[in-house]
Each structure stands twice: as C-alpha cells, then as structure tokens.
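Engineer: One structure, as structure tokens, below. Some questions next.
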Amino acid sequence: MKVLAHARLIDGTGAAPRNDATIVIDGERIAAITTQSQADFPADAEVIDCAGLTVLPGLIDCHDHMANHRYDLAHRWGIDEPESTRHLRTASVLRQTLEVGYTMIRDAGGLDAGFKRAIDEGLTVGPRLLLSISIVSPIGGIGDRMAPSGDCCCVPGDPLLPSGVVETLADVRPVVRRMVRAGADFIKCATTGGASSRPGHGPLDSAFNLDEMQALVEEAHALDRRVMCHALGGRGLDIAIEAGVDSIEHGCYLDEDPRHLDLMAARGIVFVPTLLVYEFHRKSPQPHVRERAQDLFEHHIVAIKKALAAGVKVVAGTDAGGHGHPANAGELRCLVDAGMTPMQAIQAGTSWAAECCGKEAEVGTIEKGKLADLLVVGGDPLANISMLGEPANIRLVLKGGEAVARAVPPRQNIVF
Ligand SMILES: [Zn+2]
-3 MKVLAHARLI DGTGAAPRND ATIVIDGERI AAITTQSQAD FPADAEVIDC
47 AGLTVLPGLI DCHDHMANHR YDLAHRWGID EPESTRHLRT ASVLRQTLEV
97 GYTMIRDAGG LDAGFKRAID EGLTVGPRLL LSISIVSPIG GIGDRMAPSG
147 DCCCVPGDPL LPSGVVETLA DVRPVVRRMV RAGADFIKCA TTGGASSRPG
197 HGPLDSAFNL DEMQALVEEA HALDRRVMCH ALGGRGLDIA IEAGVDSIEH
247 GCYLDEDPRH LDLMAARGIV FVPTLLVYEF HRKSPQPHVR ERAQDLFEHH
297 IVAIKKALAA GVKVVAGTDA GGHGHPANAG ELRCLVDAGM TPMQAIQAGT
347 SWAAECCGKE AEVGTIEKGK LADLLVVGGD PLANISMLGE PANIRLVLKG
397 GEAVARAVPP RQNIVF
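In the working numbering, the protein residues as written are -3 to 412.
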C-alpha cells in the first residue's frame, strides 16, 4: 500500500484544488482520497510526503506518433537507419514520455502492436498505449507514401503496419479489418491533406468521398473501434463530420462553417486541435508547409474558442513525432494561449482526454477505484501551466500504483 500525504490535489474533474489531501493506493488502484487524520491504512504502508507538492492525474496525449522521429522523406520511408536502431529510439521515447508524466498515449499512426506487448511484458517501460497502427486514406491521401516527385515509397511494407491505402469503396472495410487484426484500438483516417503533406494536397484538399467514409465509420463501429479523423478544413472536414467520426484531429478551419461545430456538439464529436505541431510548421524550411501553417493559425485559435462556446469537448494532443518528442505538456500551454483556463487545459489532458479515449472509467481523474496513474509536481500548474512541461518539476510519476521516476524519497511511518 502507498500513501501520498499532505498533497495539494487537482483531481482532473475540474473541481477546485483541495489542500492537505491524502491519497491511499492499494495495488494498482486508488483506495481512498481523504484527509490525513481520517486515512485508514496499515502501519507498514509506504508513505510519501507530498507537502508543498501538487498531485494530478497522469496526463494523456490523444494524438502522438511515438515511432516517428523526423519529417524528412528518408525517415518517413524508414531508410535512414536500421529498423532495430529505430525501434530502440522509439523505446527510449516511450520511457521518456512516461517519465515526464504521460501515463497514457493514443498513437495516431506508425506505432506497431509490438511496443504495447513489450510494455505489458515488462521488457520495456512506457505509458499505457492505444494504437491505430496505420493511417487509412485513399490513393494520394496522407497515408499514401509518395515523394514530392510523384515516386512511390521504394521499401517493402512492414507486416506489423499493414497498408492503409484504400483504392476503391470495396477496399474500405477490409482495410479497417486489417488494422484491427494488426492491433488497432482506434481507426485513424484522413479526409484532407495537412500542413506537412506533399504539395498539391493541403489542408483544404479533400480525400475520401462520403460513401467511403460512411463505410469506414460503420465498419469501425461494428468492430467496437472509434474513428479518429485527420481533417483540417473544406469538403473533407464536412464529409468527416457528416459520416460521424468520433474525433476531429487538427480541425484548423472549424471556425469557417458554424454547422460543423453545432453538429460536433450534437453528436459528441471531440476536437483534438494539436496546436503544438503547428508552432513547428510555422517555422518550417519548406515554403509550402510554412505558408499553410501560417494561414491556418488564426483560424485554429478562433475554432477553439467557438468549439468551447458550442459545447464541443477540446482535448490535448501534440502530434509529436515528426517534430520530435518535446515535452508533451507544451500542448497544455498552447491551449491556455488559445484561451482555455489552466483548469480547462488540465481537463483537456486528463478527464476529457480519457473520455476521448473511451477510458474514463479507468483513468483521467483521481477518484476511488480508478487506476493509480498519478503525477506529483513541484509548483502550481494553475498559476503557470508551462511548469508541467519542465521535466525538473516532475517529482513522481505513478502508473498503476508503481513509481516510475522518483525524486521524492519515501518516508516510512511518518508521524502525523
Ligand atoms: Zn498526426
């Protein structure tokens, strides 16, 4: 049994922080949240003094690419280094991501099921993983690996990452089934280009027609998988919402048509803006990427404000990978810059993110019975959200009650 004593508690529900809270952890779950004097735990429990520290739920990133490390073509095609080196690089990123307080990651494409298995078996250390395997898109979509020259990818596909390229309507359902067979917890698809996609396939250029997207959503739901859809704007954004995807990833031009946000609110479609990646793209050396990112910036900020006003849930995702693996909490800082309160940003990275992942019964808030995925920080994230992005402030991370990184020494049998 573990006890976090004298903590300032931000429980992830949006409730005001509680001072001098005691969190009792039994095995992998939270047994009680109480005050010190009322806490009931055995004398040999491991008591961790959290005086002066804040405890929050382990953070969740709803859009990450853990196995991607750069945007250049050689890396995208997997020919810049041996596969084994890349896998070890990915394993290192998984460990670092957990150590900075991220206890759950929804991968938006590129991470194969072997990493999840390796973490489950204790071969390596990392967050809880939700996988989407490969991005599903039509010929010419963002999942179709093409060079700007028009050349196709020259290396054989990885059997653990089946191709997500759909050629005709008849391919849609088999491709979805192949993703699930390869271990997908979510189906990731794309109905538009993006900032970093090839010239000619940008944020307002569509991919997939409505028939194809309806088949995709129907098949994914029949297999109990939610659909996370990369859609920035224009017709492709329209089609994604009309088809009934479960989350809109990026959604940069959601400010343009009020029907979009109203429909999302009515259908419970979540918005994952991924602001952090566009900070990177706004400085891209590639002119077409830079221009797209600069053009969408103002729209994106307005889209978030309108989404909150319309009652659409806005959750945190970094789109990390191509732009490296910066501290994922940088996204929470971006959300505050975009107009969310620090408490809303924390919810966007905890309870709301857990709902987006369909894991709200297990994680995302600090409540009795939930998994003890907890983050202990020095400092006050409500006063300064950026502090969550400074690894030095991360004092302790618990995943399922197990300490991951510990700078606070446990104190046995503390006297109250
Ligand atoms: Zn992405």
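From the three backbone atoms N, C-alpha and C, an ideal C-beta is built for every residue, glycine too.
#1: Going by the C-beta, is D40 closer than 7 Å to any heavy atom of ligand 1?
#2: Any chance the CB of A104 is under 7 Å from a heavy atom of ligand 1?
#3: One question on the structure: do R288 and A191 come within less than 8 Å of each other, judged by their Cβ atoms?
#4: Figure out for me which residue from F267, G318, A303, T270 has the closest Cα to the Cα of S280.
#5: Just list the residues that DSSP pairs K(-2) with in beta bridges.
#6: I'd like to know whether the C-beta atoms of A216 and C58 end up nearer to each other than 8 Å.
#7: Cα-Cα, which of L69, E358, D220, D103 is closest to N324?
#8: Would a C-beta distance cut-off of 8 Å place G153 and S159 closer than the cut-off?
#9: Given a threshold of 16 other Cβ atoms within 10 Å of its Cβ, counted over all protein chains shown, does P338 qualify as buried or as exposed?
#10: Let me know if Q34 comes out buried or exposed under the rule of 16 or more other beta-carbons within 10 Å of its beta-carbon.
#11: Quick test of your reading: V310 and F267, contact by CB under 8 Å. State the CB separation rounded to the nearest angstrom.
#12: What is the rounded straight-line gap between the Cα of A166 and the Cα of L259?
#13: At 3 residues or longer, what runs of the beta strand (DSSP E) sit wholly inside the segment 195 to 241?
#14: Is H277 a contact residue of ligand 1, with contact defined as CB to any heavy atom under 7 Å?
#15: I want to know whether the segment 180 to 190 touches the segment 216 to 235 - three or more CB-CB distances under 8 Å.
#16: If contacts are defined as beta-carbon pairs under 8 Å, then D414 and Q32 qualify, I think. What distance do you get, rounded to the angstrom?
#17: Any contact of the segment 291 to 300 with the segment 79 to 96, i.e. 3+ C-beta pairs under 8 Å?
#18: Jot down the residue ranges of each uninterrupted beta strand (DSSP E) in the segment 252 to 315, minimum 3 residues, whole runs only, in chain order.
#19: Look up Y98 in the DSSP assignment and give the residues it is bridged to.
#20: So G122 and T346 are supposed to be a Cβ contact under 8 Å. How far apart are they, rounded?
#21: First and last residue of the beta strand (DSSP E) that includes A63?
#22: Give me the residue from V213, T50, G198 with the minimum Cα distance to P170.
#23: My output table needs one value for G179: the three-state DSSP class, helix, strand or coil.
#24: Closer than 7 Å: is that where the CB of H319 sits relative to any heavy atom of ligand 1?
#25: Quick one: give me the first and last residue of the alpha helix (DSSP H) that R72 is part of.
#26: Is there at least one non-hydrogen atom of ligand 1 closer than 7 Å to the beta-carbon of D413?
#27: Please list, in chain order, all residues of the same chain as S130 whose beta carbon is under 7 Å from its beta carbon, the five residues on each side excluded.
#28: With distances taken from CA atoms, which of P269, T270, F293 is nearest R278?
#29: Got a sec? Which residues, its chain only, sit under 8 Å from S193 by beta carbon, not counting five neighbours each side?
#30: Short of 6 Å in beta carbon distance, which residues of its chain neighbour L394, apart from the five on each side in sequence? Order them along the chain.
#31: Return yes when at least one heavy atom of ligand 1 lies under 7 Å from the C-beta of H256, else no.
#32: Quick one, which of A334, A218, H71, I362 has its alpha-carbon nearest I6's?
#33: Looking at D315 and ligand 1, is the gap between the Cβ and the nearest heavy atom below 7 Å?
#34: Taking 7 Å as the cut-off, is the C-beta of H197 nearer than that to any heavy atom in ligand 1?
#35: Should H296 be counted as a contact of ligand 1 given a C-beta to heavy atom distance under 7 Å?
#36: Could you check what DSSP says for G110 in three-state terms: helix, strand or coil?
Structural biologist: With the given structure in hand:
#1: Position 44 of the sequence shown holds residue 40. Checking the Cβ of D40 against ligand 1 gives no.
#2: The count along the sequence shown starts at 1 and reaches residue 104 at position 108. Within the cutoff, so yes.
#3: The residue given as residue 288 occupies position 292 in the sequence shown. The residue given as residue 191 occupies position 195 in the sequence shown. Yes, these two residues count as a Cβ contact at 8 Å.
#4: As a working note, residue 280 is residue 284 in the sequence shown. Closest option to S280, Cα to Cα, is G318.
#5: Stepping through the sequence shown from its first residue, residue -2 is reached at position 2. The partner list for K(-2) (beta bridge, DSSP) reads I21, E42.
#6: For the purposes of this step, residue 216 is identified with residue 220 of the sequence shown, where counting begins at 1. For the purposes of this step, residue 58 is identified with residue 62 of the sequence shown, where counting begins at 1. No, these two residues do not count as a Cβ contact at 8 Å.
#7: Residue numbering aside, residue 324 sits at position 328 when the sequence shown is read from its first letter. With distances taken between Cα atoms, N324 lies closest to D103.
#8: Along the sequence shown, one-based indexing puts residue 153 at 157. Along the sequence shown, one-based indexing puts residue 159 at 163. Yes.
#9: Here the question's residue 338 lines up with position 342 in the sequence shown. Buried, because 16 or more other Cβ atoms sit within 10 Å of the Cβ of P338.
#10: Here residue 34 refers to the residue found at position 38 of the sequence shown. By the neighbour-count rule (16 or more Cβ atoms within 10 Å), Q34 is not buried but exposed.
#11: Taking the sequence shown and counting its residues from 1, one reaches residue 310 at position 314. Taking the sequence shown and counting its residues from 1, one reaches residue 267 at position 271. Contact flag correct, Cβ pair sits at about 5 Å.
#12: By 1-based counting over the sequence shown, the position of residue 166 is 170. By 1-based counting over the sequence shown, the position of residue 259 is 263. In a straight line, the C-alpha of A166 is about 28 Å away from that of L259.
#13: 222 to 227
#14: Stepping through the sequence shown from its first residue, residue 277 is reached at position 281. No, since every heavy atom of ligand 1 falls outside the 7 Å radius drawn around the Cβ of H277.
#15: yes
#16: This structure cannot settle anything about residue 414, because the visible part of the chain is limited to -3 through 412.
#17: no
#18: 266 to 268
#19: Counting from 1 along the sequence shown, the entry for residue 98 is found at position 102. Bridge partners of Y98: L55.
#20: Walking along the sequence shown from the start, residue 122 turns up at place 126. Walking along the sequence shown from the start, residue 346 turns up at place 350. In fact, because the Cβ distance is near 19 Å, the residues do not count as touching under 8 Å.
#21: For the purposes of this step, residue 63 is identified with residue 67 of the sequence shown, where counting begins at 1. For A63, no beta strand (DSSP E) run applies, since DSSP gives it neither H nor E.
#22: Here residue 170 corresponds to residue number 174 of the sequence shown, with the count starting at 1. In terms of Cα proximity to P170, the closest of V213, T50, G198 is V213.
#23: In the sequence shown, residue 179 corresponds to position 183, counting from 1. If DSSP states are grouped into helix, strand and coil, G179 belongs with coil.
#24: Counted from its first residue, the sequence shown places residue 319 at position 323. Incorrect: H319 has no Cβ contact closer than 7 Å to ligand 1.
#25: The residue you call residue 72 lines up with position 76 of the sequence shown. 69 to 72 is the extent of the alpha helix (DSSP H) around R72.
#26: The displayed coordinates of the chain run from -3 to 412. Any statement about residue 413 would go beyond what the structure contains.
#27: Here residue 130 refers to the residue found at position 134 when the sequence shown is read from its first residue. Excluding sequence neighbours, S130 sits near G105, G139, L157, P158, S159, G160, M175.
#28: Sequence index remark: in the sequence shown, residue 278 carries index 282 (1-based). Taking only the C-alpha atoms, the option nearest R278 is F293.
#29: Numbered from 1 along the sequence shown, position 197 holds the residue referred to as residue 193. The residues are I138.
#30: Here the question's residue 394 lines up with position 398 in the sequence shown. Hits under 6 Å: A368, L370.
#31: In the sequence shown, residue 256 corresponds to position 260, counting from 1. H256: no, Cβ never under 7 Å from ligand 1.
#32: By 1-based counting over the sequence shown, the position of residue 6 is 10. Here the closest residue by C-alpha is I362.
#33: Indexing the sequence shown from 1 puts residue 315 at position 319. Indeed, a heavy atom of ligand 1 lies less than 7 Å from the Cβ.
#34: Taking the sequence shown and counting its residues from 1, the one referred to as residue 197 is at position 201. Every heavy atom of ligand 1 is 7 Å or more from the Cβ of H197, so no.
#35: By one-based count along the sequence shown, residue 296 stands at place 300. Answer for H296: no, Cβ out of range of ligand 1.
#36: Against the sequence shown, residue 110 aligns to sequence position 114. In the structure shown, G110 sits in a helix (DSSP, three-state: H, G or I).
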